[in-house]
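Engineer: Sharing a structure with you now.
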Amino acid sequence: MIPALTPDGARRALDKRGLWMANGSYEGGATGTGLDSYTDRPLQERCLGWTVAGPPMIPGAYNNNVGIFQTADQVVILNEMVHDHRVIPLDARPRVGDAIRLWMGSSRARWDGDALVVSTTNFRPMVFRSASEKFTLTETFTLVDADTLMYEFTVNDPLTWVRPWTVQFPMTRSHDPIYEYACHEGNYSLRNILAAARKAER
Numbered sequence: 045m046i047p048a049l050t051p052d053g054a055r056r057a058l059d060k061r062g063l064w065m066a067n068g069s070y071e072g073g074a075t076g077t078g079l080d081s082y083t084d085r086p087l088q089e090r091c092l093g094w095t096v097a098g099p100p101m102i103p104g105a106y107n108n109n110v111g112i113f114q115t116a117d118q119v120v121i122l123n124e125m126v127h128d129h130r131v132i133p134l135d136a137r138p139r140v141g142d143a144i145r146l147w148m149g150s151s152r153a154r155w156d157g158d159a160l161v162v163s164t165t166n167f168r169p170m171v172f173r174s175a176s177e178k179f180t181l182t183e184t185f186t187l188v189d190a191d192t193l194m195y196e197f198t199v200n201d202p203l204t205w206v207r208p209w210t211v212q213f214p215m216t217r218s219h220d221p222i223y224e225y226a227c228h229e230g231n232y233s234l235r236n237i238l239a240a241a242r243k244a245e246r
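Per this note's numbering, the very first residue in the sequence shown carries number 45; after that it's consecutive.
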């Protein structure tokens, strides 16, 4: 079970939904339509990120396939959804600085016995739920048998949740190809959403 939000995390959750007033009161949806600009719309509508691709990778209705490749010094995690990919160093090279925050964060990987452990920091705030700039993620990939990979992730953000929390689920090997997901091709939804809002205002 996901633990309770901290007071600051609850405020950010409401702010993300456009429901938090400047004076600090919650109006239950009376303000903030989230339709002023494309920047107000969710990352999925803008083709910038999906919870399926993560990190963390959370299964959705479709495009849950993942490809994992390893070279001598890197691991690549390729997601079918939005053909996102992470190229993760297997050494201790410096991460990007705090001033550069990324949609998918800055990841480093290491082997702990037979388990691949990926730690990620430097996320952009509120990319994952209402997480703060203190959000860190630890993912563990463990091959259980020839066709089963156990995926586990732990969310740690003391400014957002009262305690860390962990999710675990198996991934089943597939021999099918991973197809390109071209999110922007023919994507009229964002333009139409904002155009409808402008028409409603008029």
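For glycine and all other residues, C-beta sits at the position ideal for the given N, C-alpha and C.
#1: Since Tyr195 sits in a beta bridge, which residues does DSSP pair it with?
#2: With Val96 and Pro103 assumed to form a contact (beta carbons below 8 Å), what rounded beta-carbon distance in angstroms separates them?
#3: Considering only DSSP beta bridges, list what Leu146 is partnered with.
#4: So, under 8 Å CB-CB, Val131 and Gln118 are touching, yes? Tell me the CB distance rounded to an integer number of Å.
#5: Starting from the Cα of Leu134, find the closest Cα among Glu124, His127, Met148, Ala153 and give me that residue.
#6: Tell me which residues share the same chain as Ala57 and place their Cβ nearer than 8 Å to its Cβ, disregarding the 5 neighbours each side in the sequence.
#7: At the level of alpha carbons, what is the spacing between Thr165 and Asp80?
#8: By the three-class DSSP mapping on this structure, what secondary structure does Ile46 have?
#9: Would you list the one or two residues that DSSP bridges to Gln88?
#10: Just reading off the alpha helix (DSSP H) that Asn236 is part of, what are its end residues?
#11: Pop quiz: Ser163 and Thr192 are said to be a contact at Cβ under 8 Å. What is the actual Cβ separation, rounded to whole angstroms?
#12: Report the CB separation of Phe167 from Phe185 in whole angstroms; it is logged as a contact under 8 Å.
#13: Helix, strand or coil for Leu58? Go by DSSP, reduced to three states.
#14: Going by the beta-carbon positions, is the gap between Gly53 and Thr204 smaller than 7 Å?
#15: Measure the alpha-carbon distance for Asn67 versus Leu187 and round it to whole angstroms.
Structural biologist: Answer, in terms of the structure:
#1: Residue numbering aside, residue 195 sits at position 151 when the sequence shown is read from its first letter. In the DSSP output, where bridge partners are listed per residue, Tyr195 has Phe185, Phe213.
#2: Counting from one through the sequence shown, the residue named residue 96 turns up at place 52. Counting from one through the sequence shown, the residue named residue 103 turns up at place 59. Yes, they are in contact, since the Cβ atoms of Val96 and Pro103 sit about 7 Å apart, within 8 Å.
#3: For this step, residue 146 is matched to residue 102 along the sequence shown. Phe167, per the DSSP bridge assignment.
#4: Locating residue 131 in the sequence shown gives position 87, counting from the first residue. Locating residue 118 in the sequence shown gives position 74, counting from the first residue. About 6 Å separates the beta carbon of Val131 from that of Gln118, a gap short enough to meet the 8 Å contact definition.
#5: For the purposes of this step, residue 134 is taken as residue 90 along the sequence shown, with counting starting at 1. Looking at Glu124, His127, Met148, Ala153, the one whose alpha-carbon comes closest to that of Leu134 is Ala153.
#6: Here residue 57 refers to the residue found at position 13 of the sequence shown. Hits under 8 Å: Leu49, Arg173, Ser174.
#7: By one-based count along the sequence shown, residue 165 stands at place 121. By one-based count along the sequence shown, residue 80 stands at place 36. Looking at the two C-alpha atoms, the distance is approximately 30 Å.
#8: To locate residue 46, count along the sequence shown from 1; it is residue 2. Ile46 sits in coil when the DSSP states are folded into three classes, being neither helix nor strand.
#9: Reading the sequence shown from its first residue, position 44 is the one you call residue 88. DSSP lists no bridge partner for Gln88.
#10: Here residue 236 refers to the residue found at position 192 when the sequence shown is read from its first residue. Where Asn236 is concerned, the enclosing alpha helix (DSSP H) stretches over 233-245.
#11: Against the sequence shown, residue 163 aligns to sequence position 119. Against the sequence shown, residue 192 aligns to sequence position 148. Taking the Cβ atoms as the reference, Ser163 lies roughly 23 Å from Thr192, outside the contact range of under 8 Å.
#12: Residue 167 sits at position 123 when you count from the first residue of the sequence shown. Residue 185 sits at position 141 when you count from the first residue of the sequence shown. With a Cβ gap of about 19 Å, Phe167 and Phe185 do not count as contacting.
#13: As a first step, residue 58 is located in the sequence shown; it is residue number 14 there, counting from the start. DSSP, read as helix, strand or coil, puts Leu58 in helix.
#14: Residue 53 sits at position 9 when you count from the first residue of the sequence shown. Residue 204 sits at position 160 when you count from the first residue of the sequence shown. Result yes, Cβ atoms of Gly53 and Thr204 sit closer than 7 Å.
#15: Reading the sequence shown from its first residue, position 23 is the one you call residue 67. Reading the sequence shown from its first residue, position 143 is the one you call residue 187. Model confidence at Asn67 stands at a pLDDT of 43, short of 50, so the residue's coordinates are unreliable; what they give is reported in the following sentence. Cα to Cα, the separation comes out at about 51 Å.
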